[in-house]
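Residue numbers (our numbering), protein chains in the order written: chain A, 1 to 332; chain B, 333 to 739; chain C, 740 to 982; chain D, 983 to 1276; chain E, 1277 to 1510. For each residue, glycine too, the CB sits at the ideal point set by N, CA and C. Keep in mind that this is a model prediction, so the values were computed, not measured. Everything below concerns the one structure shown next.
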Amino acid sequence: MIGLASAENTPRPVTLLLILVIIALVSLPFVGVNPYILHLGFLTFLYVSLSSAWNILGGFAGQVSFGYSAFFGLGAYATGILWNAGVNPYLTLPVGALLALAFSLLVGYPCFRLSGPYFAIATIGIGEAMRVIMLNLGDITGGASGLTMPTTGGFSKTPSYLSALLLMIAVLLLVNYIRNSRIGLALLAIKEDQDAAEALGVPTIRYKLLAHGLGAIIVGIAGGLYAQYMFYIEPNNVFGFNLSISLLLMPVIGGLATLWGPVLGAIVFVVIQDTLMASFPHLHLLTYGLLLVVIVLFEPDGLMGLFGRLARFLRSRYAEGQARAPSGEQSL
Amino acid sequence: GAQEPAGSETDSGAEPAEGPQEILIGTVLPLTGKESRIGNYQLDGYELAIEQWNEKGGIYVKEFDRRIPIRLISYDDETDQAKTVSLTERLVTVDNVTALLGGYTTTLVFAQSVVPEKYGVPYVNGGGAATKIYDRGFKYVFGTLSPIEILAKTEMDFLKEQIDAGNLPKPSTIVLLWENTSHGKDFQAGVRAKVEEYPDYFEILLDESFELHASDFSALLNKVNSLEADLFLVDAHLPDYILMHRQYTEKGMYHKFITYGARGPDPAAKDALGAATDYVAAAVWWTPDLPYPQVQQFNQDFMEFTERKYGEAKPPQWYAAVTYEAARALFTAIEQAGTLDRDAIRDALDNLVLEPSILPGQRLTFSDSGQALNPFVVVQNMPGGETVIIYPEDAKTGEPVVPVPAK
Amino acid sequence: MAVLEARKLTKYFGGLAAVKDVDFQVHENEIFGIIGPNGAGKTTLFNLITGALTPSSGEVLYRGRRISGLRPSRTVKMGVCRTHQVVKPFHKMTVLENVLVGVYFGLSGLRSPARARARAMEILEFVGLGERADAPASSLTIGNQKLLEIARAWATQPELLLLDEVCGGLTPTETARTLELMRKIRDRGVTILYIEHNMRAVMGVCDRIMVLNYGQKIAEGTAEEVSTDPAVIEAYLGKTFSA
Amino acid sequence: MTDLLSVTVSGLLLAGLYATMSYGLTMIYGVMKIINLSQAGTFMLAAYVAFTLFTYLGLDPMLSLVIIVPAFFLFGMLLQRLFVSRVPLANTPTLPSLLLLFGIWLVLQNLAYMIWTGDDRSILTSYTYSTINFLGLQLSFTRVMVFLIGLLALFALQAFLTRTYTGKAIRALTQNRPACMLVGIDVDRIAMLAFGIGVAFDALAGTLMSLLYAFTPAFGNTFMLKAFVIIVLGGLQNYYGVAIGALVLALVESWAVMFMPASLQPAIAYTLLVIVLVLMPRGITGLLEGRRTV
Amino acid sequence: MLELKELEVAYGEVQAIWGIDLEVPEGKIITLVGSNGAGKSTTLRTISGLLTPMRGSITFLGEEIGGKKPHEIVARGIAHIPEARQLWPDMTVYENLELGAYSNHARAHRDKTIQWVFELFPRLAERRHQKAGTLSGGEQQMCAIGRGLMARPRLLMLDEPSLGLAPMLVEDVFRIVREINSEGVTILLVEQNIVNALSTADWAYVMETGKIIMEGPGRELLDDPHIRGAYLGV
Ligand SMILES: Nc1ncnc2c1ncn2[C@@H]1O[C@H](COP(=O)(O)OP(=O)(O)OP(=O)(O)O)[C@@H](O)[C@H]1O
Ligand SMILES: Nc1ncnc2c1ncn2[C@@H]1O[C@H](COP(=O)(O)OP(=O)(O)OP(=O)(O)O)[C@@H](O)[C@H]1O
Ligand SMILES: [Mg+2]
Ligand SMILES: [Mg+2]
């Protein structure tokens, strides 16, 4: 059911294809494409990473959090502040990641004793409290007027693009590992019945902290990359509720607790945002709302569910054809 | 995305005689979302300027020796920072605009103005006043809004005059509230600077910030109420101004002088608050009552423009006036540069002297940082919905009422 | 030394003492039965031993170490595992995956997926659910879900196994099969604590039995001793059994 | 001293509004285990309807409640029937339900932009600025009225839930759905009814808010977040708890501003929320009870 | 009174009942026994409308009720006491009972019925103000039976009422079932406690893997060699 017991591995040709895609993506900046493509690429990689990060705790372990913007903000500000202090921006990324990790443990420990809706609601509270507090720490964060980064080093997009790509690949490998390991099984067991998981020896709090912490690290790094790319950050944005919501929308649209769902979700998110926003400004959010309603009502498993359905349909058509064919031997 | 990059100067070398068919100008404004109202006002200002230039056939570009019409590409960022950056990127890299006009609210201008700097595209805005926007050493970013510090200082100078005239006690006690943004901070800095300059004139009892777009001010106002200060000096954006002043009035509060920084005479506020806005004072970048002929002309043009656009003539507000000036500054600079080369336009903006300007002081230039430094005027709402200019002396259209009569 | 020892174990819910001053010892490799009327505090006792609840006072020692107050996952790591009276399968997982959780996170905690799977299959065969390995757990009947509870708990390799009404709702044949399973488990060196209302089952399988009533221990001894104890007959068994 | 008193009294008045805006959330959470993320949309829509009725028909918002509340009751039932009833129910809010309602909120908000534009609107009645004198305190007439209406609504709701069979059925549905089916409760009808009542309450709150605040289509989300805080403080599905939660939040907010900068005020609600959740996971009223796992 | 004809039921794609015929005459105690997963509970759930039949008919007092909503079926006088108790955990015992009398005809007798239930189960009277979710397993079972009785049904269906009850109470439950029956309520009893069930019932059906394999008077079946072999382990 979860691809674990069946120890299903990605088939060879798919692996090859993925490697080709990666090579193509890496070479993009060097073949002189329109910088806007790189811009969209950067955003997509960033969102895929974010969306997959949310999926670890939210999808696999079923703990819906509305507070991931806190990690993003911490990562962004760690980069912003240190960079302004003269530290190489790439060296700031681990700092942001650690900060986010520390924060995830700090809030995770008390909050993971809460169940279901309480946890979700607590994360709304923590996220918003962080935003307001950061807004008031004007000396450190620049308050509502935000923080600008040194722009002296030039504006080349390539480093950001490649870093985001690297982050995305690392995240996908991580999620793939989790999915096929006992960690994934533990997280799914927690989602199903926390008490039962605990009674079977799953240290539920530790595993939730692990999932939360991994997510935090990824989101923290992504925040740092964002700050590097945007040159300007501000609490209402990087700690914003909207950001937390987007993080959760993407895996939902794509399909929870899967490897590729969050990827699809993020791609759709960026593409929709890009095309709709530019062409139909007033329709953008409306479309989003309608899309959400439609997905929830008709394809709860997201795009992955839709693909699954399609695949089953095709397979059954195929099987039918096979059955009717004279040689008629059915594959299992 | 498959548009012909008509305004691109990169192909100018290939086809020297022809030149582009249009000059593409881009802007990203909040047309929906929290700041949409003002975003749309600002768009009006840009559009009016463009319409006027296009009536003449466009901008005269010496390089091609003809007038080239202007086309504006405007996107809506829904008052969202990430989107404003994305869309500005798009204007520059996909739509290939020659120059950019700015967006609205400080934070959005902060965020989007990185993009033109990145690509070396001239950018003139009428929506960001925070000095920090211009402090970054950017070379392509210009703005027509003078710093808020000057706004606060202008008001304080006016108040000192009133104290000298015996209309206010000496020292006058102050409650100072400011929104927790760079806009608010600049205001606070201006007030504090003047309090230090005239120590025996002013005394601050409360100096506090509040969150932008707050949902409720009653607790804060309770605190203010208990202090019984003389002067109520606030810096707020329109929605906060409306909410706070409404709750202020509900509580039956009173101060001898009330200001909400740059807000006060806004028609939206008058609609929402009714007579409660009487005697509220504001220092503004611009008002339609400025006694200059070019302002009268602009007022009339603007009314005609809105009549055409909305089927209803609307009197101009400062939001539209400053963006109108921003667009005029940009177009004039292009004309002076005589080419569509972005660096040349930038240099022209740097040296620009726009005269007569509709802004106070009647002359627009950009300082070294790129920000205009025009003076402010202080206005006060009078019963009956009229607003008069009460300071400085040379622009005065009425007498100030200080202290404000008690209800 | 006793495998498990409770000392003055007490649990209050508000003003109600669900378990009060209970002392008992369980010895190596015995099947220790706990019976008592509904609401006597049996399940609460299990919750106190495995850490699902913390005692109001008193303590539980496992091989001389205090385990009350530890989280359930910790007690599993010490070799104590339980089943639930109301079964709690992971509905959306397969039967095999349910057992895998126990295999992975039990006492020795296998890590190699291949070996874990083999072990889980072995356990399913052992309890007789081998054929349903790939079925979703939610599709099992209540009876099979009870077997799955045992299988999962057994997968953690417990040295002390706590079974809460695993025969409730089973036919006599199935009950006999389950009791046989319990004996097999005991023969592998495991100590078992067993709550059940089915007297035939309890009397047949238990070495010693403790009787609770209103949270207090009212009797303890062999099946014969307990079933002839007048206090137990009065409180629990009724007349049919005293015959 | 009078400061403290006046701050307290205005906190109390605020609590009335806070409670009113939280009942709908509690009701819907209770019956369907759904967190109604579209609540802010209802607040906003009700405010605009009140505004429209006031501006074009001159109807006072307090009078127009008579139209608005029943209209939104129907609207809520319709929402439930068409959308909400299609997501599977569970014991805790499921992601699909959250997303569905979030989607509905986005739709409502953007429809409002189309209909009413993004301009700030507000309602200015003859009594907007009038005050009444109470124990030497100047109290805003509107706020007192809002408080009284909120209080009345609480009593009406409480009576409905404990006295009538329908009310009890709503509470029962809150706790166990199959059981309700077995004793002959038409669960679909009750769920629809409960959603309708919840939305009607939100509309009541929205109309009252239109008397106090300026609004745009984005209006309402800070209030909705506060309502979350309140119902968590109150233990999620307990109506007395809601009243207590509202009181606690309103008073803490009002008092805190006396000691700390107003810009931190919004953080109070959230911090309080986190503290309560961590220290008292079942909310304030949860202190009084316990539940078991068999 | 109740008649099932060629009833077939499925959970999604998994069929659980494979065409059963069953009759419950007015005033009798009918029992349905069988091993785990035979489909006994499924049969009851279908009768009370929680599940929809795939094929076949269910008639109650001559009227087809297959596929009707549960509340419509309750209104016709069928009460179902489910396997997993299904109480309202945050309501008191008293409120649970009270709501048992939700349908119109039961409301009128509510207070009298409650007295009767309290007489049958004194423990419930003791715990009337306790929340049902905090009752012990057995107490919850009593509360569930009590609630079923509150509906004043003409046909009462009990799904393993003795499950999880102390031996003393098990006896009581069967005594109560007979008592209820003697007051004119028809009973359809699902049990695994075969001895007690068969000795209580007028007529018994034996189910295995979704089919009825045997039927007859309860006491006769008790002596049947197959039954003794398969279920009593003799
Ligand atoms: N969380 C709780 N809150 C309040 N009372 C509780 C709680 N848990 C259990 N109780 C009460 O404690 C007593 C003992 O319950 P327990 O579940 O231990 O009984 P039991 O012996 O297992 O009964 P059964 O055989 O019916 O399962 C019961 O009266 C029950 O109502
Ligand atoms: N919710 C469900 N989804 C899928 N299959 C189910 C479901 N409930 C029961 N079944 C299947 O239907 C069949 C009959 O189950 P049912 O619960 O009716 O049996 P039963 O005779 O009542 O057994 P028990 O004595 O264990 O209660 C079983 O094979 C079971 O696996
Ligand atoms: Mg028990
Ligand atoms: Mg059954």
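Worksheet item: What number of angstroms, rounded off, separates the C-alpha of G1227 of chain D from the C-alpha of A997 of chain D?
Response: 9 Å
Practice prompt. Measuring alpha carbon to alpha carbon, tell me which of D:Y1005, D:T1146, D:R1125 and D:V1089 ends up nearest I1213 of chain D.
Written response: D:Y1005
Discussion item. To the nearest angstrom, how far is the alpha carbon of Y611 of chain B from that of T719 of chain B?
Written reply: 9 Å
Worksheet item: How would you list, in chain order, the residues of chain D whose beta-carbon sits under 7 Å from the beta-carbon of V252 of chain A?
Response: L1077 and L1081
Item to complete: Go ahead and label I1097 of chain D buried or exposed: buried means 16 or more other beta carbons lie within 10 angstroms of its beta carbon, across all protein chains shown.
Response: exposed
Discussion item. With a threshold of 7 Å between beta-carbons, can P897 of chain C be considered close to chain E, or not?
Written reply: no
Worksheet item: Just how far apart, CA to CA, sit T505 of chain B and F1123 of chain D?
Response: 30 Å
Item to complete: List the residues of chain B whose Cβ lies closer than 9 Å to the Cβ of N237 of chain A, in chain order.
Response: D412, Q413, A414, T439 and A443
Worksheet item: Can you name the residues of chain D whose CB is closer than 9 Å to the CB of R1423 of chain E?
Response: A1161, L1164 and V1165
Worksheet item: Do L1400 of chain E and V1369 of chain E come within 7 Å of each other at the CB atom, strictly closer than that value?
Response: yes
Discussion item. Would L1261 of chain D pass as an interface residue toward chain E - the criterion being a Cβ-Cβ separation below 7 Å?
Written reply: no
Worksheet entry | Contacting residues, own chain, Cβ-Cβ under 6 Å from I370 of chain B (five flanking each side not counted) | Y436 and Y651
Worksheet item: Do you know how far the Cα of L995 of chain D is from the Cα of R578 of chain B?
Response: 17 Å
Worksheet entry | the region 1461-1480 of chain E in contact with the region 1493-1504 of chain E per 3-pair CB rule at 8 Å | yes
Worksheet item: Which partner residues of E1415 of chain E appear in the DSSP bridge assignment?
Response: In DSSP, E1415 of chain E forms no bridge with anything.
Worksheet item: Between the C-alpha atoms of E1339 of chain E and L1327 of chain E, what's the straight-line distance to the nearest angstrom?
Response: 18 Å
Worksheet entry | Distance between E667 of chain B and M149 of chain A (C-alpha atoms, nearest Å) | 34 Å
Worksheet item: Does the separation of the CB atoms of G750 of chain C and P811 of chain C fall below 7 Å?
Response: The amino acid at residue 750 of chain C is misidentified as Gly; the sequence shows Lys. Not a contact, by the Cβ cut-off of 7 Å.
Discussion item. Given the structure, does K750 of chain C come close to ligand 6, in the sense that its CB is under 6 Å from one of the ligand's heavy atoms?
Written reply: Here the bound small molecules are ligand 1, ligand 2, ligand 3 and ligand 4; ligand 6 is not part of this structure.
Item to complete: Out of B:K485, B:P479, B:N372 and B:E487, point me to the one whose CA is closest to Y642 of chain B's CA.
Response: B:N372
Practice prompt. Return the first residue and the last residue of the beta strand (DSSP E) that L713 of chain B is part of.
Written response: The identity of residue 713 of chain B in the sequence shown is Asn, whereas the question assumes Leu. Where N713 of chain B is concerned, the enclosing beta strand (DSSP E) stretches over V709 to N713.
Worksheet entry | Selection of the region 471-497 of chain B by Cβ proximity to chain A, strictly under 8 Å | none
Worksheet item: DSSP state of S1046 of chain D, grouped into three classes?
Response: helix
Worksheet item: What are the complete alpha helix (DSSP H) segments, minimum 4 residues, inside the region 638-674 of chain B?
Response: 650-669
Discussion item. Is there a C-beta anywhere in chain D that falls below 7 Å from the one on I126 of chain A?
Written reply: yes
Worksheet item: Can T789 of chain C be considered in contact with ligand 3, in the sense that its beta carbon sits closer than 6 Å to one or more heavy atoms?
Response: no
Worksheet item: If you draw a straight line from the C-alpha of I2 of chain A to the C-alpha of A1209 of chain D, how long is it?
Response: Any answer about I2 of chain A is weak, because its pLDDT of 46 lies below 50 and its placement is not dependable; what the coordinates show is given next. So the two alpha carbons sit approximately 38 Å from each other.
Worksheet item: With 7 Å set as the bound, which would you pick, yes or no: does the beta-carbon of L292 of chain A sit closer than that to a beta-carbon of chain B?
Response: no
Worksheet item: Would you say P1346 of chain E faces chain D, with C-beta separation under 7 Å as the test?
Response: yes
Discussion item. DSSP has D539 of chain B in a bridge; who is on the other side?
Written reply: B:L508
Discussion item. DSSP three-state label for S406 of chain B, please.
Written reply: strand
Fill in: Cutoff 7 Å; reference E913 of chain C; Cβ partners in own chain excluding five residues on either side
G882
Discussion item. Cutting at 7 Å between CB atoms, please list the residues of its own chain near I1114 of chain D, excluding the five before and the five after it.
Written reply: L1121, F1123 and V1126
Discussion item. Within 10 Å of its beta-carbon, does I140 of chain A have 16 or more other beta-carbons around it, so buried, or fewer, so exposed?
Written reply: exposed
Worksheet item: Taking the C-alpha atoms as reference points, what is the distance between G803 of chain C and R1171 of chain D?
Response: 58 Å
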